[in-house]
Amino acid sequence: MSRTLIDLNQPDTLLGGPPELFTARLRATKLRNLLRLNSEFSLTTGLIATIAAEPIAELVGVEPAWLVRSVGVGLLAFAASLFILAGDRVSMLRRLAGAISIADLGWVVATVALVAKGWLSTVGIVVMGVVAVVVLALGIGQFRALRRLNDAMAAVPQHHAALDQTPPVEVVHYQRRLPVEPGQLWPVMTDHELYAELALNLSSAEGLTPNGPGLRRTCSDGAGRSWSETCTLWDEGRRYDIEVETDADGYPYPLLTLEGSWAVDSADHGGSTVAMRFALQPTPGLKGRMSIPLMHALFGPILARIARGWGRAAAIG
Numbered sequence: 000m001s002r003t004l005i006d007l008n009q010p011d012t013l014l015g016g017p018p019e020l021f022t023a024r025l026r027a028t029k030l031r032n033l034l035r036l037n038s039e040f041s042l043t044t045g046l047i048a049t050i051a052a053e054p055i056a057e058l059v060g061v062e063p064a065w066l067v068r069s070v071g072v073g074l075l076a077f078a079a080s081l082f083i084l085a086g087d088r089v090s091m092l093r094r095l096a097g098a099i100s101i102a103d104l105g106w107v108v109a110t111v112a113l114v115a116k117g118w119l120s121t122v123g124i125v126v127m128g129v130v131a132v133v134v135l136a137l138g139i140g141q142f143r144a145l146r147r148l149n150d151a152m153a154a155v156p157q158h159h160a161a162l163d164q165t166p167p168v169e170v171v172h173y174q175r176r177l178p179v180e181p182g183q184l185w186p187v188m189t190d191h192e193l194y195a196e197l198a199l200n201l202s203s204a205e206g207l208t209p210n211g212p213g214l215r216r217t218c219s220d221g222a223g224r225s226w227s228e229t230c231t232l233w234d235e236g237r238r239y240d241i242e243v244e245t246d247a248d249g250y251p252y253p254l255l256t257l258e259g260s261w262a263v264d265s266a267d268h269g270g271s272t273v274a275m276r277f278a279l280q281p282t283p284g285l286k287g288r289m290s291i292p293l294m295h296a297l298f299g300p301i302l303a304r305i306a307r308g309w310g311r312a313a314a315i316g
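Under numbering that gives the first Met the number 0, the sequence shown has 293 at position 294, and the numbering climbs by one with no breaks.
1. Ala-48 and Val-70: beta carbons closer than 8 Å?
2. Identify the residues that DSSP records as bridge partners of Val-63: which are they?
3. So, at 7 Å on beta carbons, what are the nonlocal neighbours of Asn-149 in its own chain, with the 5 sequence-adjacent residues on each side left out?
4. For Pro-212, tell me which candidate among Thr-189, Glu-196, Tyr-194 has the shortest Cα-Cα distance.
5. Please return the same chain residues whose Cβ sits closer than 6 Å to the Cβ of Asp-248, not counting the five positions on each side in sequence.
6. Measure the C-alpha to C-alpha separation of Leu-4 and Met-275 and round it to an integer number of angstroms.
7. Can at least three beta-carbon pairs, one atom from the region 256-276 and one from the region 151-159, be found at a separation below 8 Å?
8. Can you find the residues in the same chain that come closer than 8 Å, C-beta to C-beta, to Arg-88, ignoring five residues on each side of it along the sequence?
9. In whole angstroms, what separates the C-alpha of Gln-183 from that of Gly-316?
10. Looking at C-alpha atoms only, which residue of Leu-36, Val-179, Asn-200 is the closest neighbour of Tyr-252?
11. Counting only runs that start and end within the region 18-79, where is the alpha helix (DSSP H) found for 4 or more residues in a row?
12. So is Gly-15 buried or exposed if we call it buried at 16+ other beta carbons inside 10 Å?
13. Does the count of Cβ pairs from the region 304-311 and the region 216-230 closer than 8 Å reach three?
14. Starting from Val-263, trace the beta strand (DSSP E) both ways and give me its first and last residue.
15. Are the Cβ atoms of Thr-110 and Met-127 separated by less than 8 Å?
16. In whole angstroms, give me the CA-to-CA distance for Asp-267 and Phe-277.
17. Does the beta-carbon of Pro-54 have 16 or more other beta-carbons within 10 angstroms, so that it is buried, or is it exposed?
18. So the alpha helix (DSSP H) Pro-212 belongs to, where does it begin and stop?
19. My output table needs one value for Val-130: the three-state DSSP class, helix, strand or coil.
20. Start and end of the alpha helix (DSSP H) containing Tyr-250?
21. Locate the alpha helix (DSSP H) running through Leu-285, then write down its first and last residues.
22. Let me know if Lys-286 comes out buried or exposed under the rule of 16 or more other beta-carbons within 10 Å of its beta-carbon.
23. Any idea what DSSP makes of Ala-153, helix, strand or coil?
24. Of all Cβ atoms in chain D, is any one closer than 8 Å to the Cβ of Ala-136?
25. Secondary structure at Glu-180, three-state DSSP: helix, strand or coil?
26. Tell me where the alpha helix (DSSP H) around Val-168 begins and ends.
27. Taking the beta strand (DSSP E) that Ser-271 falls in, what are its first and last residues?
28. Any idea what DSSP makes of Asp-103, helix, strand or coil?
29. Between Ala-23 and Arg-146, what straight-line distance do the alpha-carbon atoms span, to the nearest angstrom?
30. Here's the rule: buried if 16 or more other CB atoms are within 10 angstroms of the residue's CB, otherwise exposed. What is Ala-303?
31. By Cβ distance below 6 Å, which residues in the same chain neighbour Ser-203 in space, the five residues on each side in sequence not counted?
32. How would you call Met-289, buried or exposed, if buried means at least 16 neighbouring beta carbons within 10 angstroms?
33. Since I believe Val-61 is in contact with Gly-123 (beta carbons under 8 Å), could you give me their beta-carbon distance rounded to a whole number of angstroms?
34. Taking the alpha carbon of Met-294 as the reference point, which residue from Val-125, Ser-80, Val-59, Glu-169 has its own alpha carbon closest?
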């Protein structure tokens, strides 16, 4: 069996504490992202219903058109409340996410009632049915995510205050199995120039000190903006953690805090498991809140590209 990845304790960093603490943050982040997806869907449908109320009313068989527009305005308000809640502290998430899911299920029940009473056209039944299926999936997903978050919070009662930050700390976890041994992967994982080639948001990365405890490196993006990063943990051959100096003048992202962790371990039946984890805290205000959904959307493709590139480089040797 492979060892548990990223299981070292270093309580003074966001990624270095007990594994249960990271799990709680990860589950809170998953619930936040579901709420954001719900917000985006509600915003889209709300805008369509508000702007094109007359043709939609005729299409779905609802009259007068102001009813459709009223529903659209209500959806816009619902989307705004979801967006605000998704960026709120964990205690508010736990308190209100269940009510959001109940509201979603209420929408589904109302749709079924409209269909049962024959108040919708054939096209209206199809359109409202599709919307109801999406809303039902989001509502169930939120219920499940909330339950998993509550279970995770019960495992770390002593850390509730640390988890209840505002702006909240959100985390990203990416893990992939590669058909090369850890000893082959470690040199390419600690090759900073290669990392910059693979990470689409970077144009360069250069070690200012030798690899090891206390490592410092500087990174730049495509616009020429630069910042420094400092190693907070170095476990030779297995894992290293980096803290980004987000307060640097050239730092381009609206983040108060950003930490990263890169780890490799032996996988079952040969090969390696690579894990990359990040903890990020946005700056207060609208810009910070709006940047987080985009970052979550970009992390997956970027980290997948990095892992594939490491696998190719390690195989070549």
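Glycine included, every Cβ here is placed at the ideal spot set by N, Cα and C.
Let me lay it out:
1. The residue you call residue 48 lines up with position 49 of the sequence shown. The residue you call residue 70 lines up with position 71 of the sequence shown. Contact flag set, yes.
2. On the sequence shown, residue 63 is found 64 positions in, with the first residue counted as 1. What sits at residue 63 in the sequence shown is Pro, not Val. Partner(s): none; Pro-63 has no beta bridge.
3. As a working mapping, residue 149 is identified with position 150 in the sequence shown. Setting aside the 5 residues that flank it on each side, Asn-149 is surrounded in the same chain by Arg-93, each with a C-beta closer than 7 Å to its C-beta; the list follows chain order.
4. The residue labelled residue 212 in the question sits at position 213 within the sequence shown. Looking at the Cα atoms, Thr-189 is the closest of the given residues.
5. Within the sequence shown, residue 248 is the residue found at index 249, counting from 1. Excluding residues within five positions, none has a Cβ falling inside 6 Å.
6. For the purposes of this step, residue 4 is taken as the residue at position 5 of the sequence shown. For the purposes of this step, residue 275 is taken as the residue at position 276 of the sequence shown. Since pLDDT at Leu-4 reaches only 45, below the 50 mark, its modelled position is unreliable, and the value read off the structure follows with that caveat. Straight-line Cα distance between these residues: approximately 10 Å.
7. Because the criterion of three Cβ pairs below 8 Å is not met, the region 256-276 and the region 151-159 do not touch.
8. Residue 88 sits at position 89 when you count from the first residue of the sequence shown. Correct list, in chain order: Asp-163, Gln-164, Thr-165, Pro-167.
9. As a working note, residue 183 is residue 184 in the sequence shown. As a working note, residue 316 is residue 317 in the sequence shown. Straight-line Cα distance between these residues: approximately 7 Å.
10. Numbered from its first residue, the sequence shown carries residue 252 at position 253. Ranking the options by Cα distance to Tyr-252, first place goes to Asn-200.
11. 18-50, 52-59
12. As a first step, residue 15 is located in the sequence shown; it is residue number 16 there, counting from the start. By the neighbour-count rule (16 or more Cβ atoms within 10 Å), Gly-15 is buried.
13. no
14. Position 264 of the sequence shown holds residue 263. Per DSSP, Val-263 belongs to the beta strand (DSSP E) from 254-265.
15. Counting from 1 along the sequence shown, the entry for residue 110 is found at position 111. Counting from 1 along the sequence shown, the entry for residue 127 is found at position 128. In this structure, Met-127 lies closer than 8 Å to Thr-110 by Cβ.
16. Position 268 of the sequence shown, counted from the first residue, corresponds to residue 267. Position 278 of the sequence shown, counted from the first residue, corresponds to residue 277. So the alpha carbons of these two residues sit roughly 25 Å apart.
17. In the sequence shown, residue 54 corresponds to position 55, counting from 1. Label assigned to Pro-54: exposed.
18. For the purposes of this step, residue 212 is identified with residue 213 of the sequence shown, where counting begins at 1. Run containing Pro-212: none; DSSP gives neither H nor E here.
19. In the sequence shown, counting from the first residue as 1, residue 130 sits at position 131. Helix, per DSSP.
20. What you label residue 250 is simply residue 251 of the sequence shown in a count that begins at 1. Premise fails: Tyr-250 is in no alpha helix (DSSP H) and is neither H nor E.
21. The sequence position of residue 285 within the sequence shown is 286, counting from 1. Start and end: 285-315.
22. Locating residue 286 in the sequence shown gives position 287, counting from the first residue. Burial call: exposed.
23. On the sequence shown, position 154 is the one that residue 153 refers to. Helix at Ala-153.
24. No chain D is part of this structure, which consists of one protein chain only.
25. For the purposes of this step, residue 180 is identified with residue 181 of the sequence shown, where counting begins at 1. Three-state result, Glu-180: coil.
26. Sequence index remark: in the sequence shown, residue 168 carries index 169 (1-based). Looking at the DSSP string, Val-168 is not in any alpha helix (DSSP H), and its letter there is neither H nor E.
27. Translated into positions along the sequence shown, residue 271 becomes position 272. Note, Ser-271: beta strand (DSSP E), 271-281.
28. Taking the sequence shown and counting its residues from 1, one reaches residue 103 at position 104. Note: Asp-103 maps to helix in three-state DSSP.
29. In the sequence shown, counting from the first residue as 1, residue 23 sits at position 24. In the sequence shown, counting from the first residue as 1, residue 146 sits at position 147. The alpha-carbon atoms of Ala-23 and Arg-146 are separated by roughly 11 Å.
30. Within the sequence shown, the letter at position 304 stands for residue 303. Classification for Ala-303: exposed.
31. On the sequence shown, position 204 is the one that residue 203 refers to. Same-chain partners within the cutoff: Ala-195, Ser-219.
32. By 1-based counting over the sequence shown, the position of residue 289 is 290. Label assigned to Met-289: exposed.
33. Counted from its first residue, the sequence shown places residue 123 at position 124. Counted from its first residue, the sequence shown places residue 61 at position 62. Rounded, the Cβ-Cβ distance is 7 Å, consistent with contact.
34. On the sequence shown, position 295 is the one that residue 294 refers to. Ranking the options by Cα distance to Met-294, first place goes to Glu-169.
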